[in-house]
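Straight run, no breaks: the sequence shown in the numbering used here ends on number 144.
Glycine is no exception: its CB is placed at the ideal position from the N, C-alpha and C atoms.
If you're wondering where the values come from, they're calculated on a predicted model, not measured in any experiment.
Please read the structure below before turning to the comments.
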Amino acid sequence: MKRLLAMAALLLALPWQAAFAEMQAFGRYEVYYSLFASDFLRPEIARAYGIVRANDRAVLNIAVRRLEPAGGSVPIKAKVEGTRSDLVHTRDLELREVIEEGAIYYLAEFPFRNDETHYFKVRIHPDGDTSTLDLQFKQTLYVD
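Spelled out as structure tokens, the structure:
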């Protein structure tokens, strides 16, 4: 839980150019996703998650929450798979599940070049549901 709070606090403290964070609603599900250069993580946080810190490596963070009938939402497990593309290549995202007290999220790391736009297509299959949530977005990444 402490690591999750540290990562959340870190993302909120990043300048707007350093991190991209959004939420997309899919009926009774909310998908939260963020993208940032891994060198913005403090060394101890990166070590705890096994993330390589570098200004030319990005981290994609995805979390899925289910809206509850009584209000609020809860984190849920899901099968998360996807690709990232530039103008030439398409590569699979190697997402790994992280479960902590009160949180479930999926992380992928990858290298990038300065001023390079990446196109993301992510398919999310919430556990216990037959629906598929298709998340698509693009983001230009910069080496600082």
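For residue j and residue i, believed in contact at Cβ under 8 Å, the rounded distance
i, j, result
"Phe112", "Ala58", "5 Å"
"Ala46", "Ser34", "Not quite, the Cβ-Cβ distance comes to about 15 Å (not below 8 Å), so this is no contact."
"Glu44", "Asp86", "Not really, about 32 Å apart at Cβ, beyond 8 Å."
"Ile51", "Glu109", "6 Å"
Cross-strand partners of residue i (DSSP beta bridge)
i, result
"Ile99", "Ile104"
"Ala70", "BP columns for Ala70 are empty, so no partner."
"Thr140", "Thr117"
"Val52", "DSSP output for Val52 lists no bridge partner at all."
Coil, strand or helix - residue i by DSSP
i, result
"Lys2", "Its pLDDT being 47, under 50, Lys2 is placed unreliably in this model, and the value from its coordinates should be taken loosely. If DSSP states are grouped into helix, strand and coil, Lys2 belongs with the helices."
"Ala58", "strand"
"Phe36", "strand"
"Ile76", "coil"
"Arg91", "strand"
"Gly82", "strand"
"Asp134", "strand"
"Phe110", "strand"
"Pro15", "Note on Pro15: pLDDT 39, under 50, position unreliable in the model; the coordinate value appears next. The answer is coil: DSSP assigns Pro15 none of H, G, I, E or B."
"Arg65", "strand"
"Ala9", "Residue placement at Ala9 cannot be trusted, given a pLDDT of 43 that sits under 50; what the coordinates show is reported in the next sentence. Residue state, collapsed to three classes: helix."
Limits of the alpha helix (DSSP H) - the one that residue i falls within
i, result
"Ala48", "43-49"
Residue from the options with nearest C-alpha to residue i
i, options, result
"Lys79", "Val98, His89, Asp127", "Asp127"
"Ala48", "Ala54, Ser85, Val98, Val143", "Val98"
"Leu67", "Val52, Gln139, Arg28, Leu135", "Arg28"
"Thr83", "Phe36, Pro75, Lys77, Asp134", "Asp134"
"Glu81", "Val74, Leu107, Arg65", "Leu107"
Span of the beta strand (DSSP E), counted from its first residue to its last, around residue i
i, result
"Phe120", "116-126"
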